[in-house]
Amino acid sequence: AQSVTQLDSHVSVSEGTPVLLRCNYSSSYSPSLFWYVQHPNKGLQLLLKYTSAATLVKGINGFEAEFKKSETSFHLTKPSAHMSDAAEYFCVVSETGGGSYIPTFGRGTSLIVHP
Amino acid sequence: DAGVIQSPRHEVTEMGQEVTLRCKLISGHNSLFWYRQTMMRGLELLIYFNNNVPIDDSGMPEDRFSAKMPNASFSTLKIQPSEPRDSAVYFCASSPYGGDVGDTQYFGPGTRLTVL
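Right, dumping it as structure tokens:
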């Protein structure tokens with residue numbers, strides 16, 4: 116079985132400061148992990164994904180995430196926040212082998228960026 | 296490509312009425328997902344199709360909800376009769392390969408449903 120926990124429902128940062136959005140997962144098999152972003156009144160858009168290649172994954176808009184199997188984490192980071200980063204972020208896990216392919220979404224983390 | 300297209304973008308209806316939401320997949324994509332998003336419950340998967348066949352509909356709330364894929368590029372989600380608790384944003388998403396755990400999902404803009 117697979118599950119994903121986003122540890123913060125809201126994260127507030129000032130523009131220009133680093134961003135950290137935390138995600139822990141549980142998976143019985145080799146997982147694929149994703150981060151999606153949802154801007155207000157929009158659909159979700161893929162930021163980045165991990166599929167068993169390099170553990171440090173770079174995505175769009177300067178975001179990156181590191182897959183840490185020992186910690187079962189896939190935290191999303193960005194060195195310097197921009198006002199346009201304010202959005203809802205979803206961590207997603209999907210596992211291969213045995214179980215269903217269907218991805219499981221976290222509850223989301225709302226990123227607030229102050230000027 | 297125009298991306299995933301959903302219609303209508305907004306729907307306001309009265310309790311008891313039938314509601315039909317529509318989704319056009321990205322050309323060539325094999326998988327289709329319907330989601331519902333509310334503040335209380337977050338993003339919920341309702342049903343998942345692969346190559347036009349429903350694979351998992353365990354998320355469909357009850358018999359009032361039904362989904363179809365009459366062809367490879369189009370899907371409908373019907374609610375009959377609608378109830379106020381069905382008010383939500385409904386998203387469809389398609390993915391290219393179907394059955395690939397690393398597949399990216401491409402989301403439509405959503406349909407905001409309000410049932411009075």
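So the protein sequences, as listed, match chains A and B. Residue numbers for the first sequence follow our numbering, beginning at 116 and rising by one. Residue numbers for the second sequence follow our numbering, beginning at 296 and rising by one. Each residue gets a CB set at the ideal place from its N, CA and C atoms; glycine is no exception. Keep in mind that this is a model prediction, so the values were computed, not measured.
**OP:** For A/G214, I'd like the list of residues in its chain whose CB is within less than 6 angstroms of its CB, leaving aside the five on either flank, ordered along the chain.
**Re:** Residue confidence is low: A/G214 scores 48 on pLDDT, short of 50, so the model does not pin down where it sits. Its coordinate-derived value is still stated next. Excluding sequence positions up to five before and after A/G214, its CB lies less than 6 angstroms from no other CB in the same chain.
Original post:
Hey, would you say A/E186 sits closer than 8 angstroms to A/L163, going by beta carbons?
Top reply: Not in contact: A/E186 and A/L163 (Cβ atoms no closer than 8 angstroms).
Original post:
When the Cα atoms are used, what is the spatial distance from A/R222 to A/N139?
Top reply: Cα to Cα, the separation comes out at about 12 angstroms.
Original post:
Under a Cβ-count criterion, where at least 16 other Cβ atoms within 10 Å of its own Cβ denotes burial, should B/M335 be classed as buried or exposed?
Top reply: Its Cβ having fewer than 16 others within 10 Å, B/M335 is exposed.
Original post:
Between the Cα of A/P146 and the Cα atoms of A/V208, A/K157, A/L122, which residue gives the shortest distance?
Top reply: Ranking the options by Cα distance to A/P146, first place goes to A/V208.
Original post:
For B/G337, does the three-state DSSP call read helix, strand or coil?
Top reply: Here B/G337 sits in strand by DSSP.
**OP:** Hey, could you find the ends of the beta strand (DSSP E) B/D351 is sitting in?
**Re:** In the DSSP assignment, B/D351 falls within the beta strand (DSSP E) that extends over 348-351.
Original post:
Of all the residues that make up the segment 400-411 of chain B, which are near chain A by a beta-carbon distance shorter than 9 angstroms?
Top reply: Within the segment 400-411 of chain B, the qualifying residues are Q400, Y401, F402, G403, P404, G405, R407.
Original post:
Of all the CB atoms in chain B, is at least one closer than 8 angstroms to the CB of A/L161?
Top reply: So yes, A/L161 belongs to the interface.
Original post:
When DSSP labels each residue in this structure, what does A/P230 get in the three-state scheme?
Top reply: Coil.
**OP:** Look up A/G214 in the DSSP assignment and say whether it is helix, strand or coil.
**Re:** Low confidence applies here, because A/G214 scores a pLDDT of 48, under 50, leaving its location unreliable and the question unanswered by this model.
Subject >> Top-ranked residue by Cα proximity to B/I300, from B/T399, B/S389, B/P349 >> reply: Among B/T399, B/S389, B/P349, the Cα nearest to that of B/I300 is on B/S389.
**OP:** In angstroms with no decimal places, state the Cα-to-Cα distance between A/P230 and A/G177.
**Re:** Note on geometry: alpha-carbon atoms of A/P230 and A/G177 lie some 19 angstroms from one another.
Original post:
Per DSSP, which one or two residues make a beta bridge with B/R317?
Top reply: Note: B/R317 sits in a beta bridge opposite B/S302, B/T371.
**OP:** List the residues that DSSP assigns as beta-bridge partners of A/Y101.
**Re:** Outside the shown range of chain A (116 to 230) lies residue 101 of chain A, about which nothing can therefore be said.
Original post:
Which bits of chain A does B/Y343 rub up against, with CB to CB less than 8 angstroms?
Top reply: Going along chain A in sequence order, the residues near B/Y343 (Cβ under 8 angstroms) are I217.
Original post:
Which residues of chain B have a Cβ atom closer than 9 angstroms to the Cβ of A/F220, listed in chain order?
Top reply: Y330, G337, L338, E339, L340, listed in chain order.
**OP:** Could you say if the segment 325-339 of chain B and the segment 167-176 of chain A meet the contact criterion of at least three C-beta pairs nearer than 8 angstroms?
**Re:** Result no; under three Cβ-Cβ pairs closer than 8 angstroms.
Original post:
Using a Cβ-Cβ cut-off of 7 angstroms (strictly less than) and excluding sequence neighbours within five positions of B/I321, which residues of its own chain qualify?
Top reply: Cβ within range, chain order: D296, G298, V299, S389, Y401.
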